[in-house]
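Student: Sharing a structure, written as structure tokens. Questions coming.
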Amino acid sequence: MQTIRTECLSCQKCPLHETRTNVVFGRGNEKASLLFVGEAPGANEDATGEPFVGAAGKLLDQYLEAVGLSREDYYIANILKCRPPQNRDPNPEEIAVCTPFLDRQIEAIAPKLIVCLGRIAAMRLIREDFRITREHGQVFEKDGRRILAVYHPAALLRDPHKKEDMFLDFLKIKKLLEE
Ligand code: URA
């Protein structure tokens, strides 16, 4: 993992390296059975170099705590390691050049379960035409690993009605890990 991190921190493969403050590589237990994958760093993550430290991250922490998952239980990373200006959606070229880092992280961690946080991660890791509203919480099998998607925590901040579904999906995650 250290080799991947070192390469990633000096990456200049796409124009986002010109506007980033920090590369946000990922954090957590590199031997965990659970890997969360978000979309891309926001302003707080860009400033600190840590994933999910802003408002969305704080909300995510509440779900983790609610089902009894601690920091030791997971690793968390993003599809893109650098912040897109104004938090716009990652574009296909950025995703194409950046995701080899994530693919290598997945290989190194070898998680039992991958949880996509939101549509962008699900479209890259599960299926191009993934529909988050319809398919969140459903378990898929990809490359011999279980994978599912939940709403992006930022979506819950915009639409609190989704919170109930999110909680149920987190209970499912906990159950899958215990199997
Ligand atoms: N949103 C994401 O998708 N990732 C982060 O690291 C922060 C916010």
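Numbering (our numbering), first residue to last: 7 to 185.
A virtual CB, placed ideally from N, CA and C, is assigned to each residue, including glycine.
(1) Given residue 93, which residues of its chain have a CB within under 8 Å of its CB, disregarding the five upstream and five downstream residues?
(2) So, helix, strand or coil for residue 130, using DSSP?
(3) Would DSSP call residue 148 helix, strand or coil?
(4) List the whole-angstrom C-beta distance separating residue 132 from residue 155, where the pair is believed to meet the contact cut-off of C-beta under 8 Å.
(5) Have a look at the DSSP bridge pairing and note the partners of residue 82.
(6) For the beta strand (DSSP E) that contains residue 121, what are its first and last residues?
(7) If you run the structure through DSSP and keep just helix, strand and coil, what is residue 73?
(8) Taking buried to mean at least 16 other C-beta atoms within 10 Å of its own C-beta, is residue 99 buried or exposed?
(9) Where do the ends of the alpha helix (DSSP H) carrying residue 49 lie?
(10) Tell me whether residue 51 counts as near the ligand URA, meaning its Cβ is closer than 7 Å to at least one heavy atom of that ligand.
(11) Look at the alpha carbon of residue 41 and the alpha carbon of residue 112, and state the distance between them as a whole number of angstroms.
(12) Secondary structure at residue 59, three-state DSSP: helix, strand or coil?
(13) If you count every other CB in all the chains shown that lies within 10 Å of the CB of residue 123, and 16 or more means buried, which is it?
(14) Using DSSP's beta-bridge definition, name the partner residues of residue 155.
(15) Do you know offhand how far residue 184's Cα is from residue 24's?
(16) Pick helix, strand or coil for residue 142, following the three-state DSSP scheme.
(17) In chain order, what residues of the same chain have a beta carbon less than 6 Å from the beta carbon of residue 145, not counting five sequence neighbours either side?
Tutor: Reading off the structure:
(1) Here residue 93 has 46, 48 and 49 as same chain residues with Cβ atoms under 8 Å from its own Cβ, once five neighbours each way along the sequence are excluded.
(2) Three-state DSSP puts residue 130 in a helix.
(3) Three-state DSSP puts residue 148 in a strand.
(4) Contact holds; Cβ gap of about 6 Å.
(5) Answer is 33 and 42.
(6) Looking at the DSSP string, the run of the beta strand (DSSP E) that includes residue 121 is 119–123.
(7) Looking at residue 73 - three-state DSSP - the assignment turns out to be coil, as it is neither helix nor strand.
(8) Residue 99 should be labelled exposed.
(9) Run containing residue 49: 49–54, per the alpha helix (DSSP H) assignment.
(10) The closest heavy atom of the ligand URA lies less than 7 Å from the beta carbon of residue 51.
(11) Residue 41 and residue 112 have their C-alpha atoms spaced approximately 8 Å apart.
(12) Reduced to three states, the DSSP call for residue 59 is coil.
(13) With 16 or more other Cβ atoms within 10 Å, it is buried.
(14) Residue pairing by DSSP puts residue 155 in a beta bridge opposite 122.
(15) A straight-line Cα-Cα distance of about 43 Å links residue 184 and residue 24.
(16) When DSSP states are grouped into helix, strand and coil, residue 142 belongs to the coil group.
(17) The answer, listed in chain order, is 152 and 154.
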